[in-house]
Amino acid sequence: MIKSVASIFLCLSLLACEKSASPTADRVPAWAKEAVWYQIFPERFRNGDTGNDPTVQDISGGWPFFEPKAWQIQPWTSDWYKLQPWEKNTGRDFYWENGLRRYGGDLQGVLDKLDYLQEFGITAIYFNPLFESPSLHKYDAAMYHHIDNNFGPDPEGDRAIWAKENPADPTTWQWTAADRLFLKLLDECHARGIKVIIDGVFNHVGNTFWAFEDVIKKQQASVYKDWFIINSWDDPATADTVEFDYAGWYGVRSLPEIREDENGLVGGIREHVHAIVRRWMDPNGDGDPIDGIDGWRLDVAEMVKLNFWREFRSWVKTINPDAYITGEVWWEDWRQNKMFDAAPWLAGDAFDAVMNYRFAAAIKQFVIDDKTQISATEFVEKLQAVQRDYHPENFAVLQNLMDSHDVDRLASQIVNPDRWYDHDARPEPGNNYDVRKPNAIEREKQKMIVGLQMALPGAPMIYYGDEAGMWGGDDPDCRKPMVWRDMQYDAEKMHPYGRPRPADAVAFDETLFAWYQHMIRLRKQNPALSLGRIDYFLVDSDRAIIGFRRSYEKSELFVVLNNRAVEQRIDLDLRDFALSATELRNLVSRTQLNGEDGVFEVNMSPYTIAVFERIVQ
Numbered sequence: 000m001i002k003s004v005a006s007i008f009l010c011l012s013l014l015a016c017e018k019s020a021s022p023t024a025d026r027v028p029a030w031a032k033e034a035v036w037y038q039i040f041p042e043r044f045r046n047g048d049t050g051n052d053p054t055v056q057d058i059s060g061g062w063p064f065f066e067p068k069a070w071q072i073q074p075w076t077s078d079w080y081k082l083q084p085w086e087k088n089t090g091r092d093f094y095w096e097n098g099l100r101r102y103g104g105d106l107q108g109v110l111d112k113l114d115y116l117q118e119f120g121i122t123a124i125y126f127n128p129l130f131e132s133p134s135l136h137k138y139d140a141a142m143y144h145h146i147d148n149n150f151g152p153d154p155e156g157d158r159a160i161w162a163k164e165n166p167a168d169p170t171t172w173q174w175t176a177a178d179r180l181f182l183k184l185l186d187e188c189h190a191r192g193i194k195v196i197i198d199g200v201f202n203h204v205g206n207t208f209w210a211f212e213d214v215i216k217k218q219q220a221s222v223y224k225d226w227f228i229i230n231s232w233d234d235p236a237t238a239d240t241v242e243f244d245y246a247g248w249y250g251v252r253s254l255p256e257i258r259e260d261e262n263g264l265v266g267g268i269r270e271h272v273h274a275i276v277r278r279w280m281d282p283n284g285d286g287d288p289i290d291g292i293d294g295w296r297l298d299v300a301e302m303v304k305l306n307f308w309r310e311f312r313s314w315v316k317t318i319n320p321d322a323y324i325t326g327e328v329w330w331e332d333w334r335q336n337k338m339f340d341a342a343p344w345l346a347g348d349a350f351d352a353v354m355n356y357r358f359a360a361a362i363k364q365f366v367i368d369d370k371t372q373i374s375a376t377e378f379v380e381k382l383q384a385v386q387r388d389y390h391p392e393n394f395a396v397l398q399n400l401m402d403s404h405d406v407d408r409l410a411s412q413i414v415n416p417d418r419w420y421d422h423d424a425r426p427e428p429g430n431n432y433d434v435r436k437p438n439a440i441e442r443e444k445q446k447m448i449v450g451l452q453m454a455l456p457g458a459p460m461i462y463y464g465d466e467a468g469m470w471g472g473d474d475p476d477c478r479k480p481m482v483w484r485d486m487q488y489d490a491e492k493m494h495p496y497g498r499p500r501p502a503d504a505v506a507f508d509e510t511l512f513a514w515y516q517h518m519i520r521l522r523k524q525n526p527a528l529s530l531g532r533i534d535y536f537l538v539d540s541d542r543a544i545i546g547f548r549r550s551y552e553k554s555e556l557f558v559v560l561n562n563r564a565v566e567q568r569i570d571l572d573l574r575d576f577a578l579s580a581t582e583l584r585n586l587v588s589r590t591q592l593n594g595e596d597g598v599f600e601v602n603m604s605p606y607t608i609a610v611f612e613r614i615v616q
């Protein structure tokens, strides 16, 4: 059945929508509109220098506050769920033990693989926290002004430098070996045209944070006592009792929350964070930010008052007007499966973007879910709702992700449909969560989703290893060590709860990598996909078919999606776009489609996406 523009949908434009006249929306970085993001979890990306591998001393002080005997670095290529001898000796289960695991990923590993990333085609990297911390994830900072010493080439030398500094006085700060390696990494990325942003965790710190340790030691006498939310102080008269109590992020004791007033972070630590921004955005302090990071991803941003982020933006944009600020503004009510409308943070005076989990949830509901699948109409309505909520400039630079370090991997989402996004996504009893590798049909769904990421408005973001075929449930299973071409991996045979499972071979997936690479290249070669307006011209809920046009200047592309497990014939009537062409080229399959006066018939295989351009005679 042929369906016209007028009879289907009120088209929404990326470049002109109801919020386009908003006077408050500031300019966003132009480069961010064409970015293809890649998220790197440093401890699990690549061990490029075994000489800096963590020791028991390095993990001391972080959750789960235990130093096992005979602890050692985990073999990179081992079966993920297999317990090593030191793990078996503790008598704890896999998910308790996992917090103690280290695989040795470091900055040298990233440097060694920059050619891989360049070959892959990404243009921007988001690093999970890099600052000194005892944990594997680094969201519990011990200090903000140094890169973790186990990410650099000289851990002990770095410790010696720390000892000479006053962490409260930026004039005493030096550059450690890890810091200098990070600056080298920035230079190498910039030479390749790759932007770099890092995680800023300014709602809380770790329990080993230098100022918090001073509070623990000196109690009320500490000059930093007002930096934190202290509920009760220790009573020196009761030596056997610890009365000291404080607020932690969601009650987590290892993550003391930073005190706020009506303007956000209180004075002392506010100025400290300002110094941190200057240090990493303009390391040599010459006024030219070329040697610094290109922006920030801000953790649990909704938990810090918006007034602080407004000032934070002024700090950042003063140093580098072309810097990019994105926030983690996610769950408004996790229990009720309600995500934030992030418009207050995207009014032009705080963030440029947010991690677009609403995009991920919508695609999951339409493409991945089976029994609870939403219709094509509902899917498009969800995408359009995001577009209506945000100014066009911000909408264009949203990070369109499907997964991250906080949710199950895309491949495993597909294996486990019909559950709320980021809910019940680990193989714990009662969750019925399957830990197996995706099958061939499920991989086709993954490929189609990647096609949507590259074709829809916003900046696609890929979580490390998705392109290599990695799978895994929610944290920590989404944080497996990266699968590389040059390594031989043990098959995954074990189950964390001893349940039966198939033995799944683990190896770099060349076919999937090539698909990601092809779709990234297609996006980069066609500015309409990153800069253009979007018009939905085909929304068929009965057959789960969607078609939309992306247009920019004199370029226009027509994207069609078959979200069914069967081949379907699709009638494309493009006459409403003044298209009278008789030939189209499918940029995905590199094939030609013949029609008559703007009307075409196309047969699409199950779970496929096509991107057509007009062939000019």
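Residue numbering for the sequence shown follows this note's numbering, beginning at 0 and increasing consecutively.
We put the CB at the ideal spot given by N, CA and C, even for glycine.
Limits of the alpha helix (DSSP H) - the one that residue i falls within
i: D641; result: The requested residue 641 is not part of the displayed model; the chain covers only 0 to 616.
i: P84; result: 84-87
i: A514; result: What sits at residue 514 in the sequence shown is Trp, not Ala. Looking at the DSSP string, the run of the alpha helix (DSSP H) that includes W514 is 509-524.
i: A190; result: 176-190
i: T268; result: The question names Thr, but residue 268 in the sequence shown is Ile. Where I268 is concerned, the enclosing alpha helix (DSSP H) stretches over 266-280.
i: F211; result: 209-217
i: Q156; result: Looking at the sequence shown, residue 156 is not Gln but Gly. From DSSP, the alpha helix (DSSP H) with G156 extends over 154-163.
Residues near residue i in its chain [Cβ-Cβ closer than 7 Å; skip 5 each side]
i: F44; result: G104, G108, V109, Y463, M481
i: Y551; result: P526, A527, L530, G531
i: Q487; result: T76
i: K137; result: N127, P128, L129, F130, D147
i: F150; result: P41, D105, L106, L129, A177
i: I362; result: M401, I448, L451
i: D293; result: K194, V195, I196, A322, Y323
i: K224; result: V214
i: Q349; result: Position check: residue 349 holds Ala in this sequence, whereas Gln was assumed. Hits under 7 Å: L305, W308, R309, R312.
i: Q73; result: Q83, R100, R101, Y102
Span of the beta strand (DSSP E), counted from its first residue to its last, around residue i
i: I196; result: 194-199
i: E555; result: 554-561
i: E600; result: 598-603
i: G294; result: 294-297
i: R568; result: 567-572
i: L537; result: 532-539
i: G326; result: 323-326
i: E331; result: 330-332
Identity of the residues DSSP links to residue i by a beta bridge
i: Y245; result: I229
i: Q591; result: R584
i: M460; result: W36, L400
i: D548; result: It should be noted that the sequence gives Arg, not Asp, for residue 548. D534, F557.
i: R613; result: L583
i: I146; result: F130
i: G291; result: In the DSSP output, where bridge partners are listed per residue, G291 has none listed.
i: D260; result: G263
i: I608; result: L560
i: P255; result: G247
i: H203; result: E256
Other residues of its chain near residue i: CB distance less than 6 Å, five sequence neighbours each side excluded
i: G267; result: W226
i: F201; result: V272
i: D388; result: D340, A342
i: P154; result: N51, N148
i: A424; result: D407, G472, D473
i: P320; result: none
i: K381; result: A361
i: D596; result: S579
Same chain, Cβ closer than 8 Å to residue i, five either side skipped, listed in chain order
i: V241; result: D233
i: L9; result: Here the model assigns L9 a pLDDT of 38, short of 50, so the residue's position is not dependable, and the following value carries that caveat. Excluding sequence neighbours, L9 sits near nothing in its chain.
i: L254; result: Y138, D139, H203, V204, G205, N206, G247, W248
Touch check for the segment 403-423 and the segment 364-372: three-plus C-beta pairs under 8 Å? yes
I'd like to know if the segment 201-214 and the segment 133-146 are in contact, where contact means that at least 3 CB-CB pairs between them fall below 8 Å. yes
Does the structure place the segment 489-500 close enough to the segment 565-572 that three or more beta carbon pairs sit under 8 Å? no
My parser needs the alpha helix (DSSP H) runs of 4 or more residues fully inside the segment 415-497; what are they? 439-454
Check whether the segment 505-514 touches the segment 530-546, taking contact to mean three or more Cβ pairs, one atom from each stretch, closer than 8 Å. no
Residue ranges of each beta strand (DSSP E) within the segment 44-128, 3 or longer: 123-126
Three or more C-beta pairs closer than 8 Å, one from the segment 420-437 and one from the segment 354-370: is that the case here? yes
Sequence ranges, alpha helix (DSSP H) only - wholly within the segment 304-391, length at least 4: 305-318, 356-362, 375-388
Using 8 Å as the Cβ pair cut-off and three pairs as the minimum, do the segment 286-295 and the segment 241-252 touch? no
Is it a yes or a no for the segment 599-616 touching the segment 568-586, going by three-plus beta-carbon pairs under 8 Å? yes
Are the segment 438-445 and the segment 593-606 touching, with three or more C-beta to C-beta distances below 8 Å? yes
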